Amino acid sequence: MKETPLSNCERRFLLRAIEEKKRLDGRQTYDYRNIKISFGTDYGCCIVELGKTRVLGQVSCELVSPKLNRATEGILFFNLELSQMAAPAFEPGRQSDLLVKLNRLLERCLRNSKCIDTESLCVVAGEKVWQIRVDLHLLNHDGNIIDAASIAAIVALCHFRRPDVSVQGDEVTLYTPEERDPVPLSIHHMPICVSFAFFQQGTYLLVDPNEREERVMDGLLVIAMNKHREICTIQSSGGIMLLKDQVLRCSKIAGVKVLEITELIQKALENDRKVRKEGGKYGFAESIASQRITAFKMEKAPIDTSDVEEKAEEIIAEAEPPLEVVSNPVLWTPGTAQIGEGVENSWGDLEDSEKEEEDEDGTDEAIILDSIKMDIGVEVSNIGSQDAPIVLSD
Amino acid sequence: MAEAGGITTESVAGDRARAARTMLDQVVLPGEELLLPEQEDAEGPGGAGERPLRLNAGTRSRGRVVCGPGLRRSGDRLLVTKCGRLRHKEPGGGSSGGGVYWVDSQQKRYVPVKGDHVIGIVTAKSGDIFKVDVGGSEPASLSYLAFEGATKRNRPNVQVGDLIYGQFVVANKDMEPEMVCIDSCGRASGMGVIGQDGLLFKVTLGLIRKLLAPDCEILQEVGKLYPLEIVFGMNGRIWVKAKTIQQTLILANILEACEHMTADQRKQIFSRLAE
Numbered sequence: 001m002k003e004t005p006l007s008n009c010e011r012r013f014l015l016r017a018i019e020e021k022k023r024l025d026g027r028q029t030y031d032y033r034n035i036k037i038s039f040g041t042d043y044g045c046c047i048v049e050l051g052k053t054r055v056l057g058q059v060s061c062e063l064v065s066p067k068l069n070r071a072t073e074g075i076l077f078f079n080l081e082l083s084q085m086a087a088p089a090f091e092p093g094r095q096s097d098l099l100v101k102l103n104r105l106l107e108r109c110l111r112n113s114k115c116i117d118t119e120s121l122c123v124v125a126g127e128k129v130w131q132i133r134v135d136l137h138l139l140n141h142d143g144n145i146i147d148a149a150s151i152a153a154i155v156a157l158c159h160f161r162r163p164d165v166s167v168q169g170d171e172v173t174l175y176t177p178e179e180r181d182p183v184p185l186s187i188h189h190m191p192i193c194v195s196f197a198f199f200q201q202g203t204y205l206l207v208d209p210n211e212r213e214e215r216v217m218d219g220l221l222v223i224a225m226n227k228h229r230e231i232c233t234i235q236s237s238g239g240i241m242l243l244k245d246q247v248l249r250c251s252k253i254a255g256v257k258v259l260e261i262t263e264l265i266q267k268a269l270e271n272d273r274k275v276r277k278e279g280g281k282y283g284f285a286e287s288i289a290s291q292r293i294t295a296f297k298m299e300k301a302p303i304d305t306s307d308v309e310e311k312a313e314e315i316i317a318e319a320e321p322p323l324e325v326v327s328n329p330v331l332w333t334p335g336t337a338q339i340g341e342g343v344e345n346s347w348g349d350l351e352d353s354e355k356e357e358e359d360e361d362g363t364d365e366a367i368i369l370d371s372i373k374m375d376i377g378v379e380v381s382n383i384g385s386q387d388a389p390i391v392l393s394d
Numbered sequence: 001m002a003e004a005g006g007i008t009t010e011s012v013a014g015d016r017a018r019a020a021r022t023m024l025d026q027v028v029l030p031g032e033e034l035l036l037p038e039q040e041d042a043e044g045p046g047g048a049g050e051r052p053l054r055l056n057a058g059t060r061s062r063g064r065v066v067c068g069p070g071l072r073r074s075g076d077r078l079l080v081t082k083c084g085r086l087r088h089k090e091p092g093g094g095s096s097g098g099g100v101y102w103v104d105s106q107q108k109r110y111v112p113v114k115g116d117h118v119i120g121i122v123t124a125k126s127g128d129i130f131k132v133d134v135g136g137s138e139p140a141s142l143s144y145l146a147f148e149g150a151t152k153r154n155r156p157n158v159q160v161g162d163l164i165y166g167q168f169v170v171a172n173k174d175m176e177p178e179m180v181c182i183d184s185c186g187r188a189s190g191m192g193v194i195g196q197d198g199l200l201f202k203v204t205l206g207l208i209r210k211l212l213a214p215d216c217e218i219l220q221e222v223g224k225l226y227p228l229e230i231v232f233g234m235n236g237r238i239w240v241k242a243k244t245i246q247q248t249l250i251l252a253n254i255l256e257a258c259e260h261m262t263a264d265q266r267k268q269i270f271s272r273l274a275e
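The listed protein sequences correspond, in order, to chains A and B.
By full-length UniProt numbering, the letter at position 372 of the first sequence is numbered 372, and the numbering carries on one by one without gaps.
By full-length UniProt numbering, the letter at position 68 of the second sequence is numbered 68, and the numbering carries on one by one without gaps.
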């Protein structure tokens, strides 16, 4: 589907509102939307909600042979997908530009910054290393995909546990999660992307633009930083010309924001760790609040199961035992043989007209089968024409 | 075995068709069948579908039962096609018809319906018609002559990206929808190009229906807050304009939040804003 066009009226209103330093949802210029992080039952699965933008991240691992020129390093693989449920404009063939841009930015942010120690992923040098694969899916698009995706990626990586491996001489033992507790990945630092949207040729800037603001912006500056104030990646798109002090100011703001977000991530990871250790319930189902007005629950309806046993016994008593399977095949003609008779048709009551047709067709077969049965000596009750064997329709 | 099979199928069919009367205001799911009041009497005692002869006019005369959105007629019964709560409205005139049944469902995606007034965005001008995006699967077409006082020489001043308030004259699943900005007498009656300022935002279709109900208090309370202009489109779009940007933003946020607030919370918020 095509994207809903932006009307002149909306564009004008948004630009005027930004000039007056007002945002649609009441935020200040440097405010982020609410970030909510929830974990699934598996290790390495998380959903990050930045306002209404939702990204699902999943980390998985596999033992593979390493790359030829990097024999002692593990392999990292990142993949972001824009699911069609995220926005009507996302279709399987149509999103390539945005997708490539986001994927490249994510790779630069996570791979080139060496936030994960790839040497620790090596099991047997030159033969077996761990391949860590991070899959991100955009579930809802309400602006600022890159921030939400980078948070989801780093949270999933911090949450993930890989199976434990021990090497003794030439023997490599891979332990299942039951034998030995899985081991977390070794992560040096957490790079997080912060987006700045520019309007009116760089005069006004906003942090964390939502979807409407992204439509009217002139350019975007993304700074990936960690909490030690080290810049991992910086990218400016949209062709606006930024002054040196603007970029410096943005990096200072990014430093503050990244600190806040990193604290939030640590807290979320800590909570999840505590819940899992104490044996409480964890997973996505637990993170959905059931007290909200938008959650609909019906009271449990009491069902009387006191007569279930009697009914079950009745049905069993009335049903016929299935016919015994005769292992001798009966040869009708060269190429056609029959083993046994098949089970009764249990699909329910056939209509009268169909039954009559069956009777006409079935009489021949019933006679033949009768004779067979007499030969074999299997007694079948109810062999009347009504219970004709299954007639295969053409 | 055949007999046992026969019994099970019959009871399954019987369970699925319930009386519409008992399901009022309850959640129904697509695929359920509902019996209208007269049919349940017929099927109850007889079982074989014999209709007892009624000589007295005291029983509810059926007349014409209207099948509203979310319901479809399948034979003699109503088949539910959307999930939501079943509603019924008695006919006003007393004996005309048997009332209306419909399903109150929540939806954000709009499907064009003839006669609906909607807000559209002009996407293209091609020759004599404008292509207007109304949120459906296809853009609607709007002829430039369908404005009040428009002639071949006197064309309306409509640019790409403008907002239009109009109604559908043709809207079915087989044809491209067509809309006009005049009513059947040729007068505009509020339709046409919507002014330049103001904010357009999108809400669910259920909220629009709630706000446009005759006795909606939300609109009256909002009107007491600030002087404002507001246009509701049945396709979920609302255009609002107040004196300052701050007031417009407040109104937009209130209307969006009205969906999930109870009446008390709403009154609290309004009383706080009025200060």
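Where a beta carbon is used, it is the ideal one built from N, C-alpha and C, also for glycine.
Bear in mind that the values here come from a model prediction, so they are computed numbers and not experimental data.
Contact check, residue i vs residue j, beta carbons under 8 Å
i: B:M23; j: B:L36; result: no
i: A:Q168; j: A:V64; result: no
i: B:K241; j: B:G195; result: yes
i: B:M191; j: B:D116; result: no
i: A:D170; j: A:P182; result: no
i: A:A337; j: A:V330; result: yes
i: B:V134; j: B:V118; result: yes
i: B:V28; j: B:V100; result: no
i: B:L163; j: B:I121; result: yes
i: A:V194; j: A:A268; result: no
i: A:Y32; j: A:K277; result: no
i: B:C185; j: B:A146; result: no
i: A:L80; j: A:L102; result: yes
Bounding residues of the beta strand (DSSP E) (the contiguous stretch that carries residue i)
i: A:T262; result: Segment 244 to 278 is the alpha helix (DSSP H) holding A:T262; no beta strand (DSSP E) there.
i: A:D135; result: 128 to 140
i: B:E32; result: Unbroken run through B:E32: none, as it is neither H nor E.
i: B:T244; result: From DSSP, B:T244 is part of no beta strand (DSSP E); its letter is neither H nor E.
i: B:H88; result: 84 to 89
i: A:Q338; result: 336 to 338
i: A:S306; result: Element bounds for A:S306: n/a, residue is neither H nor E.
i: A:A152; result: Element bounds for A:A152: not the beta strand (DSSP E) but the alpha helix (DSSP H), 145 to 159.
Residue i at chain B interface by Cβ criterion, 8 Å
i: A:K373; result: Because A:K373 sits at a pLDDT of 46, beneath the cut-off of 50, its placement in the model cannot be relied upon, and the point is left open.
i: A:F13; result: yes
i: A:C9; result: yes
i: A:P329; result: no
i: A:T203; result: no
i: A:P5; result: yes
i: A:D361; result: Low confidence applies here, because A:D361 scores a pLDDT of 45, under 50, leaving its location unreliable and the question unanswered by this model.
Residue i at chain A interface by Cβ criterion, 8 Å
i: B:Q268; result: no
i: B:T204; result: no
i: B:Q247; result: no
i: B:G198; result: yes
i: B:D76; result: no
i: residue 338 of chain B; result: Absent from the structure is residue 338 of chain B, since the part of chain B shown begins at 1 and ends at 275.
i: B:D25; result: no
i: B:D264; result: no
i: B:D133; result: yes
Assumed close pair residue i, residue j - CB separation to whole angstroms, cut-off 8 Å
i: A:E213; j: A:G143; result: 7 Å
i: A:Q200; j: A:D218; result: 7 Å
i: B:E176; j: B:S126; result: With a Cβ gap of about 13 Å, B:E176 and B:S126 do not count as contacting.
i: A:L106; j: A:A149; result: 6 Å
i: A:V55; j: A:L139; result: 7 Å
First through last residue of the alpha helix (DSSP H) which encompasses residue i
i: B:D264; result: 263 to 274
i: A:E10; result: 8 to 19
i: A:D97; result: 96 to 110
i: A:I192; result: Run containing A:I192: none in the alpha helix (DSSP H); it sits in the beta strand (DSSP E), 192 to 199.
i: B:L212; result: Here B:L212 belongs to no alpha helix (DSSP H), and DSSP marks it neither H nor E.
i: B:G220; result: Looking at the sequence shown, residue 220 of chain B is not Gly but Gln. 217 to 225 is the extent of the alpha helix (DSSP H) around B:Q220.
field: Short-range partners of chain B found in the stretch 17 to 46 of chain A, where Cβ spacing is below 8 Å
entry: A17, E20, K22, L24, D25, G26
| said: Any C-beta of chain A within less than 8 Å: which residues of the stretch 142 to 175 of chain B qualify? | reply: Closer than 8 Å at the C-beta level to chain A, one finds these residues of the stretch 142 to 175 of chain B: Q159, G161, D162, L163.
**OP:** Give, in chain order, every residue of the stretch 103 to 131 of chain B whose Cβ lies closer than 7 Å to some Cβ of chain A.
**Re:** I121, T123
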